[in-house]
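To start, the structure under review is shown below, and the notes come after it.
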Amino acid sequence: MTESDKLVMGVETEAALKSATARESWRIFGIMSEFVEATDRLAAIKPAVTMFGSARIPEGTPYYELAEKTARLLSDSGFSVISGGGPGIMEAANKGAFFGKSPSVGLNIQLPHEQANNPYQDISQTFRHFFARKYMFVRFASAYVVMPGGFGTLDELMEALTLIQTGKARKMPIILVCSDFWKGLVDWFRDTLVREKMIDAEDMYLIQLIDQPEQVVEAIFKHYEARPFSPLPAERELMLNL
203 MTESDKLVMG
213 VETEAALKSA
223 TARESWRIFG
233 IMSEFVEATD
243 RLAAIKPAVT
253 MFGSARIPEG
263 TPYYELAEKT
273 ARLLSDSGFS
283 VISGGGPGIM
293 EAANKGAFFG
303 KSPSVGLNIQ
313 LPHEQANNPY
323 QDISQTFRHF
333 FARKYMFVRF
343 ASAYVVMPGG
353 FGTLDELMEA
363 LTLIQTGKAR
373 KMPIILVCSD
383 FWKGLVDWFR
393 DTLVREKMID
403 AEDMYLIQLI
413 DQPEQVVEAI
423 FKHYEARPFS
433 PLPAERELML
443 NL
């Protein structure tokens, strides 16, 4: 390769980098628009409970039916129910809320292999960016109900735990439904993370293991006996700095 060829290649590489940087800068406006649009559309759904769970659970199975019943009881108790808007447990959560008294909300995500949005959504909001969507799961929740799931569910659970543990989000119930499914993970938290001083023993109180839908609703109301569902002024400030 001649010096002239190297010079041309260098110029082309620099131009490509500038073009990529420009596209990245303009992409920020798309992200901003997702935050603005979603915040405006979801402003009226409070109080709300965010439900997480696997997309792979088919209708008619025990996990699906448990999620549907739990969501229906939450909806009839006055809580909007927020899910990821897809199939499986997300569909069960939306379905239960859809036939209840309060709104069913789906925060859908565009994926390379397109996620099919379930039909049980009173409010449907689609995102291109995972982190904007995840912010909305946190921003409007008064509690988290976590059904059995895989990596995505674990990611959302760990983010909720991290935000509350570090004081970046207000304290609220994090309820793991189906104790048989979650027991091994919770035991590992206690026997390894606490023992190795990776977390404090008090952090275990952030999690509740509950099996019955009625007890899920009861636990959420118990948490808010002495305070409103809406964030307090100091908690609103926290949410601005997520």
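Here my numbering is used: position 221 in the sequence shown is 423, and no number is missing along the way.
For glycine and all other residues, C-beta sits at the position ideal for the given N, C-alpha and C.
Measuring straight from C-alpha to C-alpha, what distance separates residue i and residue j?
| i | j | result |
| --- | --- | --- |
| aspartate 405 | valine 388 | 11 Å |
| threonine 364 | tyrosine 346 | 13 Å |
| alanine 299 | isoleucine 230 | 34 Å |
| isoleucine 284 | tyrosine 266 | 16 Å |
| aspartate 413 | lysine 385 | 12 Å |
| arginine 335 | isoleucine 311 | 8 Å |
| phenylalanine 254 | alanine 294 | 11 Å |
| serine 235 | histidine 331 | 11 Å |
| arginine 429 | methionine 374 | 11 Å |
| glutamine 410 | isoleucine 376 | 6 Å |
| leucine 185 | glycine 288 | In this structure the chain extends from 203 to 444, so residue 185 is not present and cannot be described. |
| phenylalanine 281 | serine 306 | 9 Å |
| isoleucine 259 | glycine 352 | 11 Å |
| threonine 368 | tryptophan 390 | 20 Å |
| glutamate 420 | threonine 272 | 11 Å |
| methionine 400 | phenylalanine 301 | 43 Å |
| phenylalanine 423 | glutamate 226 | 44 Å |
| leucine 442 | glutamate 398 | 33 Å |
| alanine 436 | threonine 263 | 42 Å |
| leucine 444 | phenylalanine 237 | 13 Å |
| arginine 274 | lysine 297 | 8 Å |
| tyrosine 322 | aspartate 278 | 16 Å |
My output table needs one value for residue i: the three-state DSSP class, helix, strand or coil.
| i | result |
| --- | --- |
| alanine 371 | coil |
| phenylalanine 431 | coil |
| glutamine 417 | helix |
| glycine 298 | helix |
| leucine 309 | strand |
| serine 282 | strand |
| leucine 365 | helix |
| leucine 444 | coil |
| threonine 252 | strand |
| serine 326 | strand |
| proline 260 | coil |
| tyrosine 426 | coil |
| serine 235 | helix |
| serine 304 | coil |
| glutamate 293 | helix |
| glutamate 267 | helix |
Quick one: what's got a C-beta closer than 6 Å to residue i's C-beta in the same chain, skipping five residues either side?
| i | result |
| --- | --- |
| phenylalanine 383 | Pro350 |
| phenylalanine 431 | Pro249 and Ser344 |
| methionine 211 | Note that methionine 211 scores a pLDDT of 49, beneath 50, so its modelled location is shaky; the value from the coordinates is reported in the next line. Closer than 6 Å at Cβ, skipping near neighbours: no residue. |
| glutamate 358 | Phe254 |
| valine 175 | Because the chain spans 203 through 444 in this model, residue 175 falls outside it and cannot be assessed. |
| leucine 324 | Residue identity differs from the one stated: residue 324 is aspartate in this sequence, not leucine. The answer, listed in chain order, is Pro305 and Ser306. |
Output needed for residue i: all residues of its chain with C-beta closer than 8 Å, excluding positions within five of it in sequence on either side, in chain order.
| i | result |
| --- | --- |
| cysteine 380 | Tyr265, Leu268, Met349, Pro350 and Asp413 |
| histidine 425 | Ala345, Met374 and Pro375 |
Within its chain, find whatever has a CB closer than 7 Å to the CB of residue i; leave out the 5 residues flanking it on each side and keep chain order.
| i | result |
| --- | --- |
| phenylalanine 342 | Leu244, Ile247, Lys248, Ala250 and Ile284 |
| leucine 309 | Ile284, Gly286, Gly287, Gln327, Phe329, Arg335, Met338 and Phe339 |
| arginine 372 | Pro433, Glu437 and Leu440 |
For residue i, which beta-bridge partners are listed by DSSP?
| i | result |
| --- | --- |
| isoleucine 412 | Val379 |
Does any C-beta atom of chain B lie closer than 9 Å to the C-beta of residue i?
| i | result |
| --- | --- |
| alanine 421 | Among the chains in the structure shown there is no chain B, since it carries only a single protein chain. |
Which residue spans inside the stretch 336-360 form an unbroken beta strand (DSSP E) run of at least 3?
345-348
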